[in-house]
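Peer 1: Starting off with a structure, shown below.
Protein chains: 2
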Amino acid sequence: MHTFDKSNYAPHITHCNTALHSTCIMVNLVQRVEDTWRTCSKSDSSGASNSGCESSKESSRSSTPVLDTDRTDRLRDKMRHRTESGDHWFSLEFFPPRTASGAVNLISRFDRMGSGGPLFIDVTWHPAGDPGSDKETSSMMIASTAVNYCGLESILHLTCCNQTKEKITGYLSKAKRLGLKNIMALRGDPMGADWEEEEAGFNYATDLVKHIRCEFDDYFDICVAGYPTGHPEAESYDEDLRHLKEKVDAGADFIITQLFFRADTFLKFVRDCRAIGITCPILPGIFPIQGYQSLRQLVKLSKLEVPEEIMQVIEPIKDNDAAIRNYGIEQAVSMCRVLLESGEVPGLHFYTLNREVATMEVLRQLGLWIEDPRRTLPWAVSAHPKRKVEDVRPIFWASRPKSYIYRTQDWDDFPNGRWGNSSSPAFGELNDYYLFYLKSKSSKDALLKMWGEELTSEQSVYEVFTSYITAQPNVAGHKVMCLPWNDDPLAPETNLLKDELDKVNRRGVLTINSQPSINGKPSSDPIVGWGPPGGYVFQKAYLEFFTSSENVTALLKVLKKYEPRVNYHIVNVHGQNTTNAHDMQPNAVTWGIFPGREIVQPTVVDPVSFLYWKDEAFALWIEQWAKLYEDESPSRMIIKYIHDNYFLVNLVDNDFPLDNCLWQVIDDMFELLDNPPEEQPAEQPAEQPNDEQSDKEQPGK
Amino acid sequence: MHTFDKSNYAPHITHCNTALHSTCIMVNLVQRVEDTWRTCSKSDSSGASNSGCESSKESSRSSTPVLDTDRTDRLRDKMRHRTESGDHWFSLEFFPPRTASGAVNLISRFDRMGSGGPLFIDVTWHPAGDPGSDKETSSMMIASTAVNYCGLESILHLTCCNQTKEKITGYLSKAKRLGLKNIMALRGDPMGADWEEEEAGFNYATDLVKHIRCEFDDYFDICVAGYPTGHPEAESYDEDLRHLKEKVDAGADFIITQLFFRADTFLKFVRDCRAIGITCPILPGIFPIQGYQSLRQLVKLSKLEVPEEIMQVIEPIKDNDAAIRNYGIEQAVSMCRVLLESGEVPGLHFYTLNREVATMEVLRQLGLWIEDPRRTLPWAVSAHPKRKVEDVRPIFWASRPKSYIYRTQDWDDFPNGRWGNSSSPAFGELNDYYLFYLKSKSSKDALLKMWGEELTSEQSVYEVFTSYITAQPNVAGHKVMCLPWNDDPLAPETNLLKDELDKVNRRGVLTINSQPSINGKPSSDPIVGWGPPGGYVFQKAYLEFFTSSENVTALLKVLKKYEPRVNYHIVNVHGQNTTNAHDMQPNAVTWGIFPGREIVQPTVVDPVSFLYWKDEAFALWIEQWAKLYEDESPSRMIIKYIHDNYFLVNLVDNDFPLDNCLWQVIDDMFELLDNPPEEQPAEQPAEQPNDEQSDKEQPGK
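Sequence lines, in order, name chains A and B. Per the UniProt record's numbering, the very first residue in the first sequence carries number 1; after that it's consecutive. Per the UniProt record's numbering, the very first residue in the second sequence carries number 1; after that it's consecutive.
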């Protein structure tokens, strides 16, 4: 058996608490460490029990905020609900990043791993890293971002050791204000050697649990740590169990355990807990072995013993990262299968070490990772309790949902939001394009490669758009993976429109948002489906693009033929606005009909918010694109010219049961531009009426 | 020229004011009078100008409360809107009835004439008839009923002569409280000979206009009377015009004129009004001559002269009612065409004398009567300002909308109403089944003929339902035109389901409400369409019926096969309730998608209100049917047995794009009843599981 003494703990491994829940090892550090261990293999042949899992998962996951009035908002209720339905879940633990760019990466990872459907994630508390601050690397901000911008149910760790009650209350108040609803209450490691129990202070996690319940009543769901082999500092295993009972009795809602290497260890622990009257959920902490050194570090920190059978396998392959990772996956899958089959384990908690591959692979093999998770709404629902009834958003921010959340964070009136309700607050300004959760994942260098080191004309801008749409490399041979308005490659749904999008972008109809018309596809449709099973989803075709004022002049003539089928809003950066739609009334462009429910209309074209979106959409030309180039450089001037002179256009085809006519509208516009109508015959005064006409129709003149 | 002196005014012609607006002649009286007059024919060959009328009418008429945010709520705004769009309107004047049964009839007439699409109706003030009281024959109650229960924009007349300010203010406050928004301000006839102008009293309509504006600011729209040939008591035509100018300057919004017989009379009057600066709308009062005697009476009261050319036609046919009516229609149509073509007349006001035929015929010939008026919503919208945002109702009251309005009259929270909002008030009790606006139009005798003088079994009740559904005479040879739950013959929409309804009612599935599934029919569909043009309407199939507990037991077994496609609620009079739906969440069963709009879902199956409806639906068995028979009589006992033992069932087929499966559900139920499953094979203990099963499934056991 291998045990690492805490005294050996290297001080540069930054944030660490007694339980592994809050034991954070920087990824880059872990990857560097290489050592030699002896291990032995433990293989478990039990099969996974997934019976009935899929269907019950759907029913619990796909309920939308407004649709499901018995939706279980509290994490403990969600757990009970899924436990009762036999619907196994998983959850993921992350630690805060060390750098700002690490924060950007972690948020992307939240999005990717969030798509697999975790019941919650948790973010460890990093006492040395100013954890309650507004810094982008703080525990508080990372957890807040996960909740608010990634829509993830989140638990914030909190350690109480060496903290005043005022400080702790301040942290909790801030967490509450930010929309956090769950706390993992931990003691934390005493700092320095001179720590002694304080009479009225926080000596144990129990004190923190009591404090939370005392100061915040039942607001927070509280999690505490369990030690399947006993806390390293505890006098005995039994003594430690009694402490755990105290924590639960003080008001904790569930337990997550320290990692362990044998299913039996956990199952015995659960039995022992139940025997002394602990009835709350006990979630096993799963640690897929991802590398020799990280295992060694973890064990050192947590004073755990690695079973001989594991050491025997690992030791011979300690220099083979891939082999160790594969073994770790296999070992974790085997152990998890035993746990799930035991009937004692409603959900699995994963120590991810902020990595994706191993955990996702284990979850996939267990059948718990939902490759294409059912969407409750066509957009990701924020997890802030204030937004729980939000069920409608303007379509404009479809590709910039975090920006929409940011700009509406001060609203307290969801779902109605801005439209038609003049008493609601307006959209917040978006001056902070570089907030880490709004920032592009790509570096300036990468952006220049994608969007052009040097632009020579408006046409070279068109080509960037075309490359993005077609996923073909640009002239410099780089794939365009994002645009200022689209941080990700084309959505599968938009891909349905690829050919048409390609064609029009080449000619300077620079599309930034679109959706096809849908006339009643099943809600389970893998591409356009959302909402509970057994329903039908609908869409009106939508197209949004920038284009030149010459194009707009032709477009407006063409659109007359499409009244009242097509609604349009056309605006330039100066706010000159032309529309044939009601100036206050939203147009529902996505809606769903479900068994036993009211109608849901989650996406609208809202004329009021379009004018706020316009500011953002035009600003992105400058903030994200023009500023890549030198001041006064031709490239920058080209982008600025587009910014100053182009119009932002949105079109809705109201006749959703018919074929989308918006491409025909654009074709007609090109046709009119290519073949302008003949002058009037000679016997009539020629130019005048035509000129008048085009003057009147050109917005902004 | 024929003039009737006011001194000849017969005192038994009850309620009468200076203007014909408030001159009311009881229909029965008018019909009795027969006299000899000389008339001459005046034929007008001008064609009606209806160009562009249809489309603009649609656009203004079809805006639903929630759909149209620039909807013009005030009558004066509606007038301006329609005047601007060149969309001619008509309006209808009625007087209060003399008897309670007259009130029931008048309300039915409101419904019938309201279906032609009047912009408003007005109800005359009957000073001798306790006009401001709560009696069913009072002007106040008739106007209130028109607004609240018939959904008609209404003007209440009010005369001020011989009234204290307190009394007038009291009337106005009451009118406001009842949802009336428009007042026709009149002086009224002085009562008795000793009337003199009072210093601070109401001497002229102008005083009343000023008083209304002073006490109620801009709340009411105010109409005043205009006299195309001058008021009979005025010193001169010009003097009378100046009085009219005073009334308008005091705050009147528009003018309705006394009747006249020549278009020129009116058009000159309008020119003269405009010349002295009267700019508000001036609506011509049209009086289609309906009989010799009624014309004579009217002229007598109003001191008008009937032109020789009319007298010359009428006099020879004075004993031929039909001929006079036909002439009256022809004369009115000709005159109205001239008026409408003049461009000076935005709308026509009709003195109906509480009759339907002549006015409807004139309107039909003018193209102003909309035979199948576009419905703004699938149900008639109440005209009470409090309910202007109401856009959803439970489907249960579809055939009893007045009862729904009555039971929700105290709500101040529309459109959400009861569902899901526990802070809303509950439904009011319905103990007053005999309120005149809720009362059946049929007499007890007529009901006994339709529903059976004597019932011999439940089967004879089934036959009444079947007769109603099929519109075939019952065994006694009488057509069943209504049922306690359906005051009118089958709706055209329900007629689509006739064959199926016939089949199931014969077997004791006693249907009281149903709708077919609709998967995106145009909103202009003549049978199922509603809402603005260019939209699509949808429905989930719905079926509601009473049936025996034996049937319900089989039905519940059958319904297992239809999970989750079919939602059901099954309840008996004691409130024993079985459902597979959410117990709080409504199921939208009618919705519409329109260009440039949000989704509208005007009809829902709401579980909470179903339990209120249940009380009413069961009570109707007793209140409207059982009580037709002697206490303890077999007929009464049969109805009471059904009331006590049957269940009320509603079914929704959620899969609206597929063929309605609800008939199959009922067929399966009959099949199960006809061919109960075999007993278990001999080697197993037979009855027990089956018995258990049926025990569990039979609600109420």
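Idealized CB from N, CA, C, for every residue including glycine. Keep in mind the model is a prediction, meaning the values are calculated, not measured.
For B/Met141, list the residues DSSP reports as bridge partners.
Peer 2: Bridge partners of B/Met141: none, in fact.
Peer 1: Using a Cβ-Cβ cutoff of 8 Å, what residues of the region 591–619 of chain A are near chain B? List them in chain order.
Peer 2: Cβ contacts with chain B: Trp591, Ile593, Phe594, Pro595, Gly596, Arg597, Glu598, Ile599, Gln601 and Val604.
Peer 1: Hey, would you say B/Cys252 sits closer than 8 Å to B/Val313, going by beta carbons?
Peer 2: Note that residue 252 of chain B is Ala in the sequence shown here, rather than Cys. Not closer than 8 Å, so no.
Peer 1: Does DSSP put B/Lys439 in a helix, a strand or coil?
Peer 2: Residue state, collapsed to three classes: coil.
Peer 1: Under 8 Å: do the region 474–489 of chain A and the region 626–640 of chain A share three or more Cβ pairs, one atom per stretch?
Peer 2: As far as the Cβ criterion goes, the region 474–489 of chain A does not touch the region 626–640 of chain A, which means the pair count is below three.
Peer 1: Name the chain B residues that come within less than 8 Å of A/Ala358, Cβ to Cβ?
Peer 2: Neighbours of A/Ala358 on chain B: none; closest Cβ ~38 Å, over 8 Å.
Peer 1: Going along chain B in order, which residues have a C-beta closer than 9 Å to the C-beta of A/Tyr536?
Peer 2: What A/Tyr536 touches in chain B: Asp655, Phe656 and Pro657.
Peer 1: Assign A/Asp583 to one of two classes, buried (16 or more other C-beta atoms within 10 Å of its C-beta) or exposed (fewer than that).
Peer 2: With fewer than 16 Cβ atoms within 10 Å of its Cβ, A/Asp583 is classed as exposed.
Peer 1: At the level of alpha carbons, what is the spacing between A/Gly86 and A/Pro346?
Peer 2: The straight-line gap from Cα to Cα measures roughly 7 Å.
Peer 1: Mind checking the region 555–578 of chain A against chain B and listing, in chain order, the residues whose C-beta falls within less than 8 Å of any C-beta there?
Peer 2: Under the 8 Å Cβ criterion, the region 555–578 of chain A contributes Pro564, Arg565 and Asn567.
Peer 1: Tell me which residues of the region 516–535 of chain B have at least one Cβ-Cβ distance to chain A shorter than 7 Å, keeping chain order.
Peer 2: Result list: Gly520 and Gly534.
Peer 1: Examine chain B for any beta-carbon lying closer than 8 Å to the beta-carbon of A/Ala146, and answer yes or no.
Peer 2: Chain B contact via Cβ: absent.
Peer 1: Could you name each continuous alpha helix (DSSP H) segment of 4 residues or more that falls completely within the region 234–290 of chain B, going from the start of the chain to the end?
Peer 2: Entirely contained in the region 234–290 of chain B, the alpha helix (DSSP H) runs reaching 4 residues are, in chain order, 237–249 and 263–275.
Peer 1: Determine the direct distance from the alpha carbon of A/Val461 to that of A/Ile289, and round the result to whole angstroms.
Peer 2: Cα-Cα distance, rounded: 47 Å.
Peer 1: Counting only Cβ pairs nearer than 8 Å, list the residues of chain A close to B/Ala588.
Peer 2: Ordered by position in chain A, the residues that pass the 8 Å Cβ test against B/Ala588 are Ile593, Arg597, Glu598 and Ile599.
Peer 1: Is the separation between the beta-carbon of B/Ala175 and that of B/Thr206 shorter than 8 Å?
Peer 2: In this structure, B/Thr206 does not lie closer than 8 Å to B/Ala175 by Cβ.
Peer 1: What is the DSSP secondary structure of B/Leu180, counted as helix, strand or coil?
Peer 2: Three-state result, B/Leu180: coil.
Peer 1: Using three-state DSSP, classify A/Cys214 as helix, strand or coil.
Peer 2: Correct three-state label for A/Cys214: helix.
Peer 1: Please specify which runs of the beta strand (DSSP E), each continuous and at least 3 residues long, are wholly inside the region 328–361 of chain B, giving them in chain order.
Peer 2: Those beta strand (DSSP E) runs which fall completely within the region 328–361 of chain B and span 3+ residues are 347–351.
Peer 1: What span of residues does the alpha helix (DSSP H) with residue 704 of chain B cover, start to end?
Peer 2: Nothing about residue 704 of chain B can be read from this structure; chain B reaches only from 1 to 701.
Peer 1: May I ask you to report which of helix, strand or coil DSSP gives A/Lys479?
Peer 2: Here A/Lys479 sits in strand by DSSP.
Peer 1: Could you have a look at B/Asn105 and say whether DSSP puts it in helix, strand or coil?
Peer 2: In this structure, B/Asn105 counts as helix in the three-state DSSP scheme.
Peer 1: Threshold first: 3 residues or longer. Then list the beta strand (DSSP E) segments lying entirely within the region 596–656 of chain A, N to C.
Peer 2: Within the region 596–656 of chain A, the complete beta strand (DSSP E) runs of at least 3 residues are 600–605 and 647–653.
Peer 1: Once you ignore the five residues that flank A/Asn354 on each side, which residues in its own chain have a CB closer than 8 Å to its CB?
Peer 2: Hits under 8 Å: Val27, Phe94, Phe95, Pro97, Leu106 and Arg109.
Peer 1: Are three or more beta carbon pairs between the region 380–394 of chain B and the region 150–169 of chain B nearer than 8 Å?
Peer 2: Touching, yes.
Peer 1: Identify whether B/Asn326 lies in helix, strand or coil by the three-state DSSP scheme.
Peer 2: Three-state result, B/Asn326: helix.
Peer 1: Assign A/Arg124 to one of three DSSP states: helix, strand, or coil.
Peer 2: Sequence inspection shows Thr at residue 124 of chain A; the Arg mentioned does not correspond to that position. Reduced to three states, the DSSP call for A/Thr124 is coil.
Peer 1: Three or more C-beta pairs closer than 8 Å, one from the region 574–582 of chain B and one from the region 507–524 of chain B: is that the case here?
Peer 2: No: the two stretches stay apart, fewer than three of their Cβ pairs being nearer than 8 Å.
Peer 1: I'd like the span of the beta strand (DSSP E) that includes B/Ala541, first residue to last.
Peer 2: First-last of the beta strand (DSSP E) with B/Ala541: Ala541 to Thr547.
Peer 1: Give the DSSP bridge partners of A/Gln515, in chain order.
Peer 2: A/Gln515 is bridged to A/Tyr542.
Peer 1: Looking at B/Phe618 and B/Leu648, is the spacing between their C-beta atoms short of 8 Å?
Peer 2: Yes. Within cutoff.
Peer 1: Starting from the C-beta of A/Val665, find all residues in its chain whose C-beta is less than 7 Å away, skip the five residues before and the five after it, and write them out in chain order.
Peer 2: Excluding residues within five positions, the ones whose Cβ falls inside 7 Å are Val558, Leu559, Tyr562, Val566 and Leu651.
Peer 1: Considering only C-alpha positions, which residue in the set B/Gly116, B/His211, B/Thr145 and B/Leu156 is nearest to B/Gln163?
Peer 2: Checked all of B/Gly116, B/His211, B/Thr145 and B/Leu156; the closest Cα to B/Gln163 is B/His211.
Peer 1: Runs of 3 residues minimum, wholly inside the region 143–169 of chain A: which ones carry the beta strand (DSSP E) assignment?
Peer 2: Here the runs fully enclosed are 154–159.
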